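Counting from 3, one number per residue, gives the positions in the sequence shown under this note's numbering.
Below: one structure, written as structure tokens.
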Amino acid sequence: MEKIDIVVSWLDDSDPKWQADFNEYRKKENLSMSKNSANNASRFRDYDTFRYWFRAIEKNAPWVNKIYLVTYGHSPEWLNLEHPKLQLMKHEDFIPKEFLPTFSSVTIAMNLHRIPGLSENFVYFNDDMFLINPTKTTDFFKEGIPCDMLTLIPCATYEELDHLHINNMNLIHRKFTKQDILKKNLWKMINFKTSLPYLGTTLLQLPYPTISYIIHFHLATPLNKSMYEKLWEEYPKEFTQASTYKFRNINGIDDWFIRLYSLCSGNFVPKNMYKFGRFFKLNVQSNVDKIVNSKLKLVCLNDNEALDDDELQVITQRVQKAMEMKFPQKSSFEK
């Protein structure tokens, strides 16, 4: 069996130390937290469902070698930090001092390869990504190569955050032409493992002279530590700049670039991601029970910046109730 670690990032936005530091740097940088900004409040909120994340991992990914929990320095009071498979990893334990403190998920994600003891093959989760059905190592890696899907789409420009996607692709185009990408990956993109909706978007993009964007599924991502090391060596200026920002900044690239590069270079095994997992931006119409009891193996229950306080409370209660029904048994990661 392949040795595969899991890295998960988690934030307690009620932590007084984090709040004080966050507000200090937010004022220094005159940071916008409007609904359409790259740093809106929904990106820091917590549904208080993290214990269910661990229950899901224990039940549906017993193959995991080690779980690295990345935090600002805090940890859930209910968490068993003595668990042999768990390692608490504070930012200062692996992120270079010149990038700290950071309130940017980009800085965290772009430096994961520095985690001491991290395996070559690892899967990166956010705390809103849940394994709701049993998985195998081959759902994420085959012979050390990430399982993924390369799908071409137009690049959206609706939100401030979309600038990062454009920056990522600009850097990709400096390395790969469209012909390079198609030569290496055409039959990985167009095959029986590609679901029809995604196959359709790819085919529609083929006549254009350049690739506008490659879809990111916003799910747990299989990654190679050696790819990180290669890209830090190849793009030191861009990676350093992206890691220096205290908050998400639309003037740089982000960690999605690592996956994009891996796909464009052909470093992936084709997988039907549409059947494997799905991203859901929750609202009051969302049928959370149906989502968590679906046949999917992985779901992302994403916060929605459009929710007001009352709607957020309703959604939070629904998610917690659905998760308690799905994963009622306490895991060994809990005290």
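Yeah, the Cβ is synthetic: ideal placement off N, Cα and C, and Gly gets one too.
A quick note: this is a predicted structure, and the numbers were derived from the prediction, not measured.
In this structure, the beta-carbon distance from Trp80 to Glu240 does not fall below 9 Å. The shortest C-alpha to C-alpha distance from Lys323 to any of Ser333, Lys299, Asp312 and Asn295 is the one to Asn295. Annotated three-state conformation of Glu4 is coil, per DSSP. Of the residues assessed, Cys157 falls on the exposed side of the cut-off, its CB having fewer than 16 other CB atoms within 10 angstroms. Around Pro98, the same chain offers Asn113, Arg116 and Ser245 as residues with beta carbons nearer than 8 Å, after the five sequence neighbours per side are excluded. Just so you know, the alpha carbons of Phe124 and Arg57 end up roughly 19 Å apart. Cβ neighbours of Asn67 within its own chain (closer than 7 Å, five residues either side excluded): Lys5, Ile6, Asp7 and Ser121. Within the same chain, Cβ atoms closer than 6 Å to the Cβ of Asp291 are found at Ala324, the five residues on either side in sequence being excluded. Three or more beta-carbon pairs separated by less than 8 Å are not found between the segment 88 to 97 and the segment 125 to 143, which leaves the two stretches without contact.
Apart from the 5 residues on each side of it in sequence, Asn251 has no Cβ closer than 6 Å to any other Cβ in its chain. Residue environment analysis places Asn25 among the exposed positions, since fewer than 16 neighbouring C-beta atoms fall within 10 angstroms of its C-beta. Pairing Val9 with Glu60, the inter-Cα distance amounts to about 14 Å. In terms of Cβ geometry, Ile317 and Asn269 do not form a close pair [threshold 9 Å]. With at least 16 other beta carbons inside 10 angstroms of its own, Trp55 counts as buried.
Between the alpha carbons of Ala308 and Cys149 lies a gap of roughly 33 Å. Note that the C-beta distance between Leu303 and Tyr126 is not below 9 Å. The DSSP assignment places 123 to 128 and 131 to 133 as complete runs of the beta strand (DSSP E) inside the segment 110 to 136, in order along the chain (cut-off: 3 residues). With a cutoff of 9 Å on beta-carbon distance, Phe329 and Val301 are scored as not near each other. By the neighbour-count criterion, in which a residue is buried when 16 or more other Cβ atoms sit within 10 angstroms of its Cβ, Pro86 is exposed.
For a cut-off of 8 Å, the C-beta gap from Asn187 to Leu152 is around 6 Å, short enough to register as a contact. Here DSSP, grouped into helix, strand and coil, assigns Ser245 to helix. Residue environment analysis places Phe101 among the buried positions, since at least 16 neighbouring C-beta atoms fall within 10 angstroms of its C-beta. Minimum Cα-Cα distance from Met327 among the listed residues Asn169, Thr51, Phe219 and Phe194 corresponds to Thr51. By the neighbour-count criterion, in which a residue is buried when 16 or more other Cβ atoms sit within 10 angstroms of its Cβ, Phe249 is buried.
Taken atom to atom, the span from the alpha-carbon of Tyr200 to that of Leu83 is near 41 Å. Contiguous alpha helix (DSSP H) elements confined to the segment 147 to 208 occur at 164 to 177, 180 to 191 and 198 to 207, taking only those with 4 or more residues. Excluding five sequence positions before and after Tyr215, the CB atoms of its chain that fall closer than 7 Å to its own CB belong to Ile155, Pro156, Cys157, His167 and Met171, given in chain order. In the structure shown, the three-state DSSP call for Glu336 is strand. For Asp257, the closest of Ser11, Asn32, Val108 and Tyr74 by C-alpha to C-alpha distance is Val108.
In this structure Phe194 is exposed. Its beta-carbon is surrounded by fewer than 16 other beta-carbon atoms within 10 angstroms. The distance from the Cβ of Arg261 to that of Thr223 is about 6 Å, consistent with a contact at the 8 Å cut-off. By the neighbour-count definition (other C-beta atoms within 10 Å, threshold 16), Tyr160 is an exposed residue. In this model, Ala22 and Ser77 are separated by some 17 Å (Cα to Cα).
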